[in-house]
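**Q**
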Ligand SMILES: Cc1cc2nc3c(=O)[nH]c(=O)nc-3n(C[C@H](O)[C@H](O)[C@H](O)COP(=O)(O)O)c2cc1C
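Numbering (UniProt numbering), first residue to last: 1 to 218.
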């Protein structure tokens with residue numbers, strides 16, 4: 001299936017078939033997809049908290065808006081996407097260490113260039129108090145990779161902003177990870193009676209959203 005077909009096929013599942021579970025092998029693939037998501041200056045500002053047990057679902061349920069409970073209660077797995085409370089110098093060294101290990105850094109000079117380049121962009125955001133916002137943008141990229149990656153494997157999903165972030169941070173003790181919650185994604189196999197499955201997609205027409213700069217120069 002090409003990416004356009006996938007884009008037409010993927011939809012937001014409103015409830016899942018609770019009798020169907022994502023295999024461990026498939027969930028490992030989803031984790032790999034998240035790990036490989038791109039981020040600005042390779043900052044990878046995220047951590048992912050995953051769960052599938054009733055106990056894990058119960059733990060986060062009070063933080064989730066009640067209209068989203070049918071997704072959480074019936075899903076096979078969930079992924080809570082969180083971002084780090086700032087991108088410290090220590091963390092930037094950790095990134096460089098990994099890049100070196102992975103063979104991305106040719107020599108000391110290249111290491112300095114990479115480190116300084118990344119720090120420049122991190123400082124730009126820090127100076128205007130935009131670090132968290134910038135990190136959150138990267139979290140949405142990871143979410144998107146997960147939604148389409150899952151769909152390519154026949155796995156349905158729900159992107160969820162509908163939860164109380166402060167409450168989620170508390171129930172998951174995110175302070176301990178030095179992070180805060182941004183997004184929740186529930187995953188599984190859509191329930192047969194999910195009305196959203198057969199609902200037509202609705203998007204604004206292309207003439208409302210595309211402007212061809214080869215034609216319009218005004
Ligand atoms: C960032 C984001 C947050 C969303 N939050 C919720 C949510 O809390 N609950 C829900 O049922 N759907 C949620 N949605 C699903 C959207 O309503 C849905 O993507 C949109 O209506 C388009 O439908 P489609 O995904 O089926 O194409 C969210 C989608 C995105 C991208």
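Beta carbons are placed, not taken as given, at the ideal position from N, Cα and C, and that holds for glycine. Since we're looking at a predicted model, the values are computed, not measured.
Please determine, among 16, 61, 212 and 140, the residue with the shortest C-alpha to C-alpha distance to residue 39.
**A** Ranking the options by Cα distance to residue 39, first place goes to 140.
**Q** Under 9 Å between the Cβ atoms of residue 84 and residue 134?
**A** No, these two residues do not count as a Cβ contact at 9 Å.
**Q** Considering only residues of the same chain and omitting the five flanking positions on each side of residue 26, which have a CB-CB separation below 8 Å?
**A** Correct list, in chain order: 153 and 155.
**Q** From the DSSP output, read off the bridge partner residues of residue 47.
**A** Looking at the DSSP assignment, residue 47 forms a beta bridge with 82.
**Q** Could you check whether residue 188 and residue 48 sit closer than 9 Å to each other, using their CB atoms as the reference points?
**A** No, Cβ-Cβ distance for residue 48 and residue 188 is not below 9 Å.
**Q** Is the separation between the beta-carbon of residue 96 and that of residue 114 shorter than 9 Å?
**A** For residue 96 and residue 114, yes; Cβs fall inside 9 Å.
**Q** Do the region 73-80 and the region 184-202 touch if we need at least three Cβ pairs shorter than 8 Å?
**A** Contact holds: three or more Cβ-Cβ distances are below 8 Å.
**Q** What are the boundary residues of the alpha helix (DSSP H) that includes residue 247?
**A** Here the chain comprises residues numbered 1 to 218, so residue 247 is not present and cannot be evaluated.
**Q** Is it buried or exposed, residue 30, if we count other Cβ atoms within 10 angstroms and call 16 or more buried?
**A** So residue 30 ends up on the buried side.
**Q** Alpha carbons only, please: which of 58, 206, 157 and 171 is nearest the one belonging to residue 12?
**A** Of the listed residues, the one whose Cα sits closest to residue 12 is 157.
**Q** DSSP on residue 21, reduced to helix/strand/coil?
**A** Note: residue 21 maps to coil in three-state DSSP.
**Q** Per DSSP, residue 157 forms a beta bridge with which residues?
**A** 12 and 187.
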